[in-house]
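*Asks:* The listed protein sequences derive, respectively, from chains A and B.
Under numbering that gives the first Met the number 0, the first residue of the first sequence carries the number 0, and numbering increases by one thereafter.
Under numbering that gives the first Met the number 0, the first residue of the second sequence carries the number 0, and numbering increases by one thereafter.
Heads up, the beta-carbon is just placed ideally off N, CA and C, and yes, glycines get one too.
My questions will all concern the structure given below.
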Amino acid sequence: MSREWPLWEIFVRGRRGLSHVHVGSLHAADAQMALRNARDLYTRRQEGVSIWVVPASAIMASSPEEKDPFFDPAADKIYRHPTFYTIPSEARHL
Amino acid sequence: MSEERFGQAIAADQRIEPRDWMPEAYRATLIRQIAQHAHSEIIGMQPEGNWITRAPSLRRKAILIAKVQDEAGHGLYLYSACETLGADRADLLDMLHSGRQKYSTIFNYPSLTWADVGAIGWLVDGAAITNQVALCRCSYGPYARAMVRICKEESFHQRQGFESLNALAHGTPGQREMAQDAVNRWWWPSLMMFGPQDDKSPHSAQSMEWRIKRHSNDELRQKFIDMTVPQAEVLGLRLPDPELRWNPARGHYDFGAIDWAEFRRVVSGDGPCNRQRMEHRVAAHDGGRWVREAALAYAAKLRQRGNGHHGGRPDQEEAVA
């Protein structure tokens, strides 16, 4: 086992009704300590009502090099957007 | 992202994110700068931490503890940003402890009286804010975001310093004298925080081109002086520079020559407190080793017994909690 505490990624819900948002990372020996340290590090001024901690090693990210081929399939499907459709102007509430 | 895309992103004032392609020199420059910045935050806890047990009231003590805790937090935000570039936390600390990476020269000056705590908040944090506001628009995303968070918190640091110094400056003659003495000692080192003059700053041009830096050292120094002189007038304290005067033609304050020989002396390790700061830092790190190891051993034991955290959908756990 490494002698250093592993890295955790921290997500904070700012207030009820918002999603958790990534705020940064920290090192901690385990999940409980990561939660407590995240509270002290990222919510000293009531910036959050809920915290998620995730081992950084558990995160799989899409690669920026593949950005174009990876997201391309969405680019040519403009019919997914409501503005694609022509509607007679006299038709209301559409 | 290719080299071409990197150039386009910089030119279009877009942010570079951790997994984007970037020139090795850009990465190395950022690691050096962010690490130095992080080191400055945690070494910066020492001059003020020195006064926590001797703060003159419970109010001032609570404020000072919160401020020193913020400095630790700022260091951690910055180490976190630095790690997104592939740097390792343990290596960064090792480079600080072995003197291969530096921290701001300002923290090698001693905090001799309680008034120094006020002067540090007003001048040192004031200079830091001037630098850091500019860095909020740095081209590297994680660094810029850390700076936004830090700047929000620094404002309290500067205001508490000003308030404290203002109380002394309008207190007894002895308190007033103490405030003036602190300002006399912290003014010039604060101006040095912006780094060497533009024509003597080796990395500046490239950093400006990469939009890591947005303003030159001299521009930021001038901006700080222009903001601070009127504040000194409110305090009724004198800034220790006989050549400091408003120049209507320039629209700025003129100021006297900075002692760059002193700056170089302190940078190279010969300031009043360099050795003490580093010894204290290394002792804290070594003294804490058994705690870090015990925490790891405890976590391993919990996992072995199956008592560790098993994950699962966090939103469900939240509903229970």
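#1: Of all the residues that make up the stretch 14-30 of chain A, which are near chain B by a beta-carbon distance shorter than 9 Å?
#2: For His251(B), which of helix, strand or coil comes out of DSSP?
#3: Check the Cβ of Pro63(A) against every Cβ in chain B and list those closer than 8 Å, keeping chain order.
#4: With 16 as the cutoff for other CB atoms within 10 Å, does Gln336(B) come out buried or exposed?
#5: So, under 8 Å CB-CB, Asp225(B) and His251(B) are touching, yes? Tell me the CB distance rounded to an integer number of Å.
#6: Go through its chain and collect everything with a Cβ distance to Glu70(B)'s Cβ below 6 Å, but skip five positions before and after it.
#7: How is Gly235(B) classed by DSSP in three states: helix, strand or coil?
#8: Spell out whether any CB of chain B is found under 7 Å from the CB atom of Glu8(A).
#9: When the Cβ atoms of the stretch 98-108 of chain B are set against those of the stretch 262-281 of chain B, are three or more pairs found closer than 8 Å?
#10: Please say whether Pro141(B) and Ala54(B) have beta carbons closer to each other than 7 Å?
#11: Pick out whichever of Gln13(B), Ala299(B), Asp115(B) has its Cα sitting closest to the Cα of Glu408(B).
#12: Going by DSSP in three states, Val67(B) sits in which element: helix, strand or coil?
#13: Flag this pair as yes or no: are the beta carbons of Tyr139(B) and Leu29(B) separated by less than 7 Å?
#14: If contact is defined by three or more beta carbon pairs under 8 Å, each pair taking one atom from either stretch, is the stretch 86-103 of chain B in contact with the stretch 243-263 of chain B?
#15: Using a Cβ-Cβ cutoff of 9 Å, what residues of the stretch 68-95 of chain B are near chain A? List them in chain order.
#16: Would a C-beta distance cut-off of 7 Å place His109(A) and Trp4(A) closer than the cut-off?
#17: DSSP state of Phe83(A), grouped into three classes?
#18: How about Arg2(A) and Ser49(A): are their beta carbons less than 7 Å apart?
#19: Strictly below 8 Å CB to CB, what residues from chain A border Ala298(B)?
#20: Flag Val319(B) as yes if its beta-carbon sits less than 7 Å from any beta-carbon of chain A, otherwise no.
#21: For Pro195(B), which residues in the same chain have their Cβ closer than 8 Å to its Cβ, ignoring the five residues on either side in sequence?
#22: When the Cα atoms are used, what is the spatial distance from Glu65(A) to Asp19(B)?
#23: Are the C-beta atoms of Leu295(B) and some chain A residue less than 7 Å apart?
#24: So, Gln174(B) versus Cys150(B), is the Cβ gap smaller than 7 Å?
#25: Does the beta carbon of Tyr84(A) come closer than 7 Å to any beta carbon on chain B?
#26: For the stretch 278-294 of chain B, enumerate the residues whose C-beta is nearer than 8 Å to any C-beta of chain A, in chain order.
#27: Compare the C-beta of Glu89(A) against all C-beta atoms of chain B and say whether one is closer than 7 Å.
#28: What is the DSSP secondary structure of Tyr41(A), reduced to helix, strand or coil?
#29: Given a limit of 7 Å on CB to CB distance, which residues of the stretch 35-57 of chain A reach chain B?
#30: Does the Cβ-Cβ distance between Arg220(B) and Phe193(B) come in under 7 Å?
#31: On the DSSP letters alone, give me the boundaries of the beta strand (DSSP E) that Ser24(A) sits inside.
#32: Based on Cα-Cα distance, which residue from His284(B), Phe161(B), Met191(B) lies nearest to Gln179(B)?
#33: How many Å lie between Ala83(A) and Pro68(A) at the Cα?
#34: Let me know the secondary structure DSSP gives Ala318(B) once reduced to three states.
#35: Helix, strand or coil: how does DSSP classify Ile211(B) here?
#36: Can you find the residues in the same chain that come closer than 7 Å, C-beta to C-beta, to Trp51(A), ignoring five residues on each side of it along the sequence?
*Replies:* The answer reads as follows:
#1: His19, Val22, Gly23, Ser24, Leu25, His26, Ala27, Ala28, Asp29, Ala30
#2: Along the second sequence, read from residue 1 onward, the residue named residue 251(B) stands at position 252. Correct three-state label for His251(B): strand.
#3: Indexing the first sequence from 1 puts residue 63(A) at position 64. The answer, in chain order, is Met0, Glu16, Arg18, Asp19, Trp20.
#4: Past the boundaries of the shown model lies residue 336(B); chain B is included only from 0 to 320, so the question cannot be answered.
#5: Start at 1 with the first residue of the second sequence, and residue 225(B) comes out as number 226. Start at 1 with the first residue of the second sequence, and residue 251(B) comes out as number 252. Indeed, because the Cβ distance is near 6 Å, the residues count as touching under 8 Å.
#6: Position 71 of the second sequence, counted from the first residue, corresponds to residue 70(B). Hits under 6 Å: Glu40, Gly43, Met44.
#7: Taking the second sequence and counting its residues from 1, one reaches residue 235(B) at position 236. Gly235(B) falls in the coil class under three-state DSSP.
#8: As a first step, residue 8(A) must be located in the first sequence, where it is residue number 9. No, Glu8(A) does not count as interfacial toward chain B.
#9: yes
#10: Here residue 54(B) corresponds to residue number 55 of the second sequence, with the count starting at 1. Here residue 141(B) corresponds to residue number 142 of the second sequence, with the count starting at 1. Contact flag unset, no.
#11: The structure shown does not extend to residue 408(B), since chain B spans only 0 to 320, so no value can be given for it.
#12: Here the question's residue 67(B) lines up with position 68 in the second sequence. Helix.
#13: The count along the second sequence starts at 1 and reaches residue 139(B) at position 140. The count along the second sequence starts at 1 and reaches residue 29(B) at position 30. Yes, these two residues count as a Cβ contact at 7 Å.
#14: no
#15: Gln68, Asp69, Ala71, Gly72, Leu75, Tyr76, Tyr78, Ser79, Ala80, Glu82, Thr83, Asp87, Arg88, Ala89
#16: This structure leaves residue 109(A) out entirely; chain A is present only between 0 and 93.
#17: Numbered from 1 along the first sequence, position 84 holds the residue referred to as residue 83(A). Helix.
#18: Along the first sequence, one-based indexing puts residue 2(A) at 3. Along the first sequence, one-based indexing puts residue 49(A) at 50. Going by C-beta atoms, Arg2(A) is not nearer than 7 Å to Ser49(A).
#19: On the second sequence, residue 298(B) is found 299 positions in, with the first residue counted as 1. Neighbours of Ala298(B) on chain A, chain order: Ala28, Asp29, Met32.
#20: Residue numbering aside, residue 319(B) sits at position 320 when the second sequence is read from its first letter. For Val319(B), the predicted model reports a pLDDT of 44, less than 50, meaning its position is unreliable and no value from the coordinates is stated.
#21: Translated into positions along the second sequence, residue 195(B) becomes position 196. Taken in chain order, the residues that qualify are Asn216, Trp259, Phe262.
#22: Along the first sequence, read from residue 1 onward, the residue named residue 65(A) stands at position 66. Along the second sequence, read from residue 1 onward, the residue named residue 19(B) stands at position 20. Going from the Cα of Glu65(A) to the Cα of Asp19(B) covers about 11 Å.
#23: Mapped onto the second sequence, residue 295(B) falls at position 296. Closer than 7 Å: yes.
#24: Walking along the second sequence from the start, residue 174(B) turns up at place 175. Walking along the second sequence from the start, residue 150(B) turns up at place 151. Their beta carbons are not under 7 Å apart, which means Gln174(B) does not touch Cys150(B) by this criterion.
#25: Numbered from its first residue, the first sequence carries residue 84(A) at position 85. Chain B, which has no Cβ nearer than 7 Å to the Cβ of Tyr84(A), makes this no.
#26: Arg291, Glu292, Ala294
#27: Here residue 89(A) refers to the residue found at position 90 when the first sequence is read from its first residue. With 7 Å as the cut-off, Glu89(A) does not count as an interface residue toward chain B.
#28: On the first sequence, residue 41(A) is found 42 positions in, with the first residue counted as 1. Helix.
#29: Leu40, Arg43, Ser49, Trp51
#30: Taking the second sequence and counting its residues from 1, one reaches residue 220(B) at position 221. Taking the second sequence and counting its residues from 1, one reaches residue 193(B) at position 194. Yes, these two residues count as a Cβ contact at 7 Å.
#31: Numbered from 1 along the first sequence, position 25 holds the residue referred to as residue 24(A). Per DSSP, Ser24(A) belongs to the beta strand (DSSP E) from 19-26.
#32: Residue mapping note: residue 179(B) aligns to position 180 of the second sequence, counting from 1. Closest option to Gln179(B), Cα to Cα, is Phe161(B).
#33: Walking along the first sequence from the start, residue 83(A) turns up at place 84. Walking along the first sequence from the start, residue 68(A) turns up at place 69. First, the amino acid is wrong: residue 83(A) is Phe here, not Ala. Answer to the nearest angstrom: the Cα atoms are 23 Å apart.
#34: As a position in the second sequence, residue 318(B) is number 319, starting the count at 1. Only weak support is given to the placement of Ala318(B): the predicted model assigns it a pLDDT of 47, under 50, and the question is left unresolved by the model.
#35: For this step, residue 211(B) is matched to residue 212 along the second sequence. Coil.
#36: Taking the first sequence and counting its residues from 1, the one referred to as residue 51(A) is at position 52. Around Trp51(A): Phe10, His19.
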